[in-house]
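So the numbering used here is basically just the index in the sequence shown, starting at one, shifted up by 182.
Here a beta-carbon is modelled for each residue, glycine too, at the ideal position from N, C-alpha and C.
Below is one structure, written out as structure tokens; the observations come after it.
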Amino acid sequence: MAVSREARTKSTETHQASIRKVLEHRLEVARAEGNQELVRVLETEYRQLA
183 MAVSREARTK STETHQASIR KVLEHRLEVA RAEGNQELVR VLETEYRQLA
């Protein structure tokens with residue numbers, strides 16, 4: 183079964199949104215715990231997703 187370009191695009195967008203949501207949560211927790219090193223790493227990762 184062939185997957186349409188539209189379906190692949192939608193799947194990719196959904197996957198990236200999921201990754202961003204998890205990353206945002208991890209950033210929130212790292213900030214709440216005062217873990218600045220982890221915050222910097224996660225912020226870098228977040229920028230790379232853009």
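Helix, strand or coil: which one does DSSP assign to residue i?
i, result
"alanine 232", "coil"
"alanine 184", "coil"
Of all the options the options, which has the alpha carbon lying nearest to the alpha carbon of residue i?
i, options, result
"tyrosine 228", "Glu188, Ser193 and Arg202", "Arg202"
"leucine 231", "Glu210, Asn217, Thr194 and Glu219", "Thr194"
Using only the alpha-carbon positions, how far apart do residue i and residue j sit?
i, j, result
"arginine 213", "alanine 184", "44 Å"
"histidine 207", "arginine 187", "30 Å"
"alanine 239", "glutamate 225", "Residue 239 lies beyond the stretch modelled for the chain, which goes from 183 to 232, so this question has no answer here."
"leucine 220", "leucine 209", "8 Å"
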